[in-house]
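K.L.:
For reference, the structure I am asking about is given below.
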Amino acid sequence: MSTSRYIGRYAPSPTGPLHFGTLVAAVGSYLQAKSRQGQWLMRIEDVDITRSVTGAADDMLRSFERFGFEWDGEVIYQSQRTEHYEQALATLTGKNRVYPCTCSRKQIADDSSEGVSTGIYNGKCRSRSLPLNVEHALRLRAGDTAITFEDLVMGRHSQQLDTECGDFVIKRRDGLFAYQLAVVVDDALQGVTEVVRGTDLLDSTPRQIYLQQQLGYAQPDYLHLPLVMDETGQKLGKSTGAAALDSSQPVKSLLAALKHLGQQPPAELQATELKSFWQWAIEHWKLHNIPKQNQTLTL
Ligand code: GLU
Ligand code: ZN
């Protein structure tokens, strides 16, 4: 057992096979944990069962194994943790911060202030109370003070939730818990001390910190990694990157991932076994070398 108090995690959504973008985030998260002698947990974020692809979680886990990742403890599946999310919801409801919302996406877009569609919910249903007999989502009232945090790579980030985000959904109209709530509950219950993930989630972080405050949870450190972009400037997705990832030559892809994260592996590492690759990578991991800008795929 490690004596470090560092607990990291990787939390992929099982929506398709492992692609290079996922690999990069996993490598960054793994190296942060391992270079600090910490634990590294694996959590499958299948809370949105409507997006989960059958067999994708197992496929991903097998791929992670082929790339030499070793996680601590059992893999956790969000689809089996509804009772924990219910409990958190009860806490928030007890604080009178939750209300039912029956607005459709279209209504919200139409209602945006001065005809400008900001997508920010205007709080129209705030005076509705529970229980409500028609299908509805549950929203959490946003706080009116700025949430500011120091990201370990991206620096200071601040968001005023009520004006920049609005009251946000914590349980969806279809009855599923929202990612924002599930991720906060799981990180807290798993004792995660540092969250390492892609910058696409930087803007979700203030909502998550706000939820931690409302639920009385400790706030982990945050480290957002540059994304892998395709040549059209889009975040690398299943369609663009999947083909590029060859798990029969894991070291090759891992080296590309390391370089994407600004690390400088020597050319000799090309010819090494997985074990020596990871040894080198853990030993030479340099946080301050990680670029702040998203990078275009260079495989
Ligand atoms: N499940 C999310 C994703 O795959 C990541 C969530 C997180 O790391 O907080 O994009
Ligand atoms: Zn509403």
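Counting from 1, position 244 in the sequence shown corresponds to residue 1038 in the numbering used here; the numbering is continuous, with no gaps.
C-beta: ideal position from N, C-alpha, C; glycine also.
#1: Mind checking which residues open and close the beta strand (DSSP E) that includes W834?
#2: When the distance is taken between beta carbons, is V990 closer than 7 Å to Y879?
#3: Reducing DSSP to helix, strand and coil, say where G862 ends up.
#4: Can you check which of these residues, A805, K900 and G949, is closest to Y973 by C-alpha distance?
#5: So for Y973, helix, strand or coil by DSSP?
#6: Give the range of the alpha helix (DSSP H) segment to which I1003 is assigned.
#7: So, G960 versus Y893, is the Cβ gap smaller than 7 Å?
#8: Between K965 and the ligand ZN, is there a pair consisting of the residue's CB and a ligand heavy atom that are separated by less than 6 Å?
#9: Just curious, the beta strand (DSSP E) that T942 is in, first and last residue?
#10: Counting only the same chain and skipping the five closest in sequence on each side, list residues whose C-beta sits under 6 Å from that of T942.
#11: Would you check if the distance between the CB atom of W1074 and the CB atom of S829 is smaller than 7 Å?
#12: Less than 7 Å between the beta carbons of Y871 and I843, yes or no?
#13: Would you say the beta carbon of C959 comes nearer than 6 Å to a heavy atom of the ligand ZN?
#14: Touch check for the segment 934-950 and the segment 1015-1035: three-plus C-beta pairs under 8 Å?
#15: Looking at the ligand GLU, does it come within less than 6 Å of R1001, judged from the CB to the closest heavy atom?
#16: Please classify L812: does DSSP put it in a helix, a strand, or coil?
#17: Is any non-hydrogen atom of the ligand ZN found closer than 6 Å to the C-beta of K900, if you look at the structure I gave you?
#18: Under the assumption that V963 contacts A940 (Cβ atoms under 8 Å), give the Cβ distance between them as a whole number of angstroms.
#19: Determine the closest residue to G1031 out of R803, S798, G815 and Y800, with distance taken between C-alpha atoms.
#20: At the level of alpha carbons, what is the spacing between F861 and N1088?
#21: Should V977 be counted as a contact of the ligand ADP given a C-beta to heavy atom distance under 6 Å?
#22: Counting C-beta neighbours from all protein chains within 10 Å, is the total for T993 16 or more, i.e. buried, or is it exposed?
#23: Using the Cα positions of L1049 and E859, report the straight-line distance between them to the nearest angstrom.
#24: So, A1051 versus L817, is the Cβ gap smaller than 7 Å?
#25: The ligand GLU and R933: does the residue's C-beta get closer than 6 Å to at least one heavy atom of that ligand?
#26: Confirm the yes/no value for this check: CB of P806, any heavy atom of the ligand GLU, distance under 6 Å.
#27: If we ignore side chains and look at the alpha-carbon of each, how far apart do K1086 and L1021 end up?
#28: Taking any heavy atom of the ligand ZN as the mark, which residues have a C-beta closer than 5 Å to it, listed down the chain?
#29: In three-state terms, what does DSSP make of V979?
#30: Starting from I1076, follow the alpha helix (DSSP H) in both directions and report where the run begins and ends.
#31: Report whether the distance from the Cβ of E839 to the nearest heavy atom of the ligand GLU is below 6 Å.
#32: Would you kindly work out how many angstroms separate the C-alpha atoms of K1069 and S1041, rounded to a whole number?
P.N.:
So, to answer that:
#1: Taking the first residue of the sequence shown as position 1, residue 834 is located at position 40. Following the DSSP letters along the chain, one finds W834 inside the beta strand (DSSP E) bounded by residues Q833 to I838.
#2: For the purposes of this step, residue 879 is identified with residue 85 of the sequence shown, where counting begins at 1. For the purposes of this step, residue 990 is identified with residue 196 of the sequence shown, where counting begins at 1. Taking a C-beta distance under 7 Å as the contact criterion, Y879 and V990 do not qualify as a contact pair.
#3: As a working mapping, residue 862 is identified with position 68 in the sequence shown. Assignment of G862 by DSSP, reduced to helix, strand and coil, places it in the coil class.
#4: Residue numbering aside, residue 973 sits at position 179 when the sequence shown is read from its first letter. If we check each option's Cα against that of Y973, A805 comes out closest.
#5: Indexing the sequence shown from 1 puts residue 973 at position 179. DSSP places Y973 in helix when its eight states are reduced to three.
#6: By one-based count along the sequence shown, residue 1003 stands at place 209. For I1003, the uninterrupted alpha helix (DSSP H) run begins and ends at T999 to L1009, by DSSP.
#7: Counting from one through the sequence shown, the residue named residue 960 turns up at place 166. Counting from one through the sequence shown, the residue named residue 893 turns up at place 99. For G960 and Y893, no; Cβs fall outside 7 Å.
#8: Mapped onto the sequence shown, residue 965 falls at position 171. No, since every heavy atom of the ligand ZN falls outside the 6 Å radius drawn around the Cβ of K965.
#9: Numbered from 1 along the sequence shown, position 148 holds the residue referred to as residue 942. That run of the beta strand (DSSP E) goes A940 to D945.
#10: On the sequence shown, position 148 is the one that residue 942 refers to. Correct list, in chain order: S952.
#11: As a working mapping, residue 1074 is identified with position 280 in the sequence shown. As a working mapping, residue 829 is identified with position 35 in the sequence shown. With contacts defined as CB atoms closer than 7 Å, W1074 and S829 fail to qualify as a contacting pair.
#12: As a position in the sequence shown, residue 871 is number 77, starting the count at 1. As a position in the sequence shown, residue 843 is number 49, starting the count at 1. No, Cβ-Cβ distance for Y871 and I843 is not below 7 Å.
#13: Working through the sequence shown from its first residue, we reach residue 959 at position 165. No, the Cβ of C959 stays beyond 6 Å of every heavy atom of the ligand ZN.
#14: Contact holds between the segment 934-950 and the segment 1015-1035, because three or more Cβ pairs, one in each stretch, are under 8 Å apart.
#15: In the sequence shown, the residue the question calls residue 1001 occupies position 207. Every heavy atom of the ligand GLU is 6 Å or more from the Cβ of R1001, so no.
#16: On the sequence shown, position 18 is the one that residue 812 refers to. DSSP places L812 in coil when its eight states are reduced to three.
#17: Looking up residue 900 in the sequence shown gives position 106. Checking the Cβ of K900 against the ligand ZN gives no.
#18: Residue mapping note: residue 963 aligns to position 169 of the sequence shown, counting from 1. Residue mapping note: residue 940 aligns to position 146 of the sequence shown, counting from 1. Not confirmed; about 21 Å, so no contact.
#19: If you number the sequence shown from 1, residue 1031 lands on position 237. Out of R803, S798, G815 and Y800, G815 has the C-alpha closest to the C-alpha of G1031.
#20: In the sequence shown, the residue the question calls residue 861 occupies position 67. In the sequence shown, the residue the question calls residue 1088 occupies position 294. Straight-line spacing of the CA atoms in F861 and N1088 works out to 23 Å.
#21: Ligands present in the displayed structure are limited to the ligand GLU and the ligand ZN, and the ligand ADP is not among them.
#22: Within the sequence shown, numbered from 1, the residue matching residue 993 stands at position 199. Result: buried.
#23: Within the sequence shown, numbered from 1, the residue matching residue 1049 stands at position 255. Within the sequence shown, numbered from 1, the residue matching residue 859 stands at position 65. For L1049 and E859, the distance between alpha carbons rounds to 16 Å.
#24: Residue mapping note: residue 1051 aligns to position 257 of the sequence shown, counting from 1. Residue mapping note: residue 817 aligns to position 23 of the sequence shown, counting from 1. At a Cβ-Cβ threshold of 7 Å, A1051 and L817 count as neighbours.
#25: If you number the sequence shown from 1, residue 933 lands on position 139. False, no ligand heavy atom lies under 6 Å from that Cβ.
#26: The residue labelled residue 806 in the question sits at position 12 within the sequence shown. Judged by the Cβ position, P806 qualifies as a neighbour of the ligand GLU at the 6 Å threshold, a heavy atom of the ligand being closer than this.
#27: Looking up residue 1086 in the sequence shown gives position 292. Looking up residue 1021 in the sequence shown gives position 227. So the two alpha carbons sit approximately 9 Å from each other.
#28: Going by the Cβ distance cut-off, the answer is C895, C897, K918 and C919.
#29: Sequence index remark: in the sequence shown, residue 979 carries index 185 (1-based). If DSSP states are grouped into helix, strand and coil, V979 belongs with the helices.
#30: Mapped onto the sequence shown, residue 1076 falls at position 282. L1068 to H1078 is the span of the alpha helix (DSSP H), which, as asked, contains I1076.
#31: In the sequence shown, residue 839 corresponds to position 45, counting from 1. Yes, the Cβ of E839 comes within 6 Å of a heavy atom of the ligand GLU.
#32: Start at 1 with the first residue of the sequence shown, and residue 1069 comes out as number 275. Start at 1 with the first residue of the sequence shown, and residue 1041 comes out as number 247. Spanning the two alpha carbons is a distance of roughly 15 Å.
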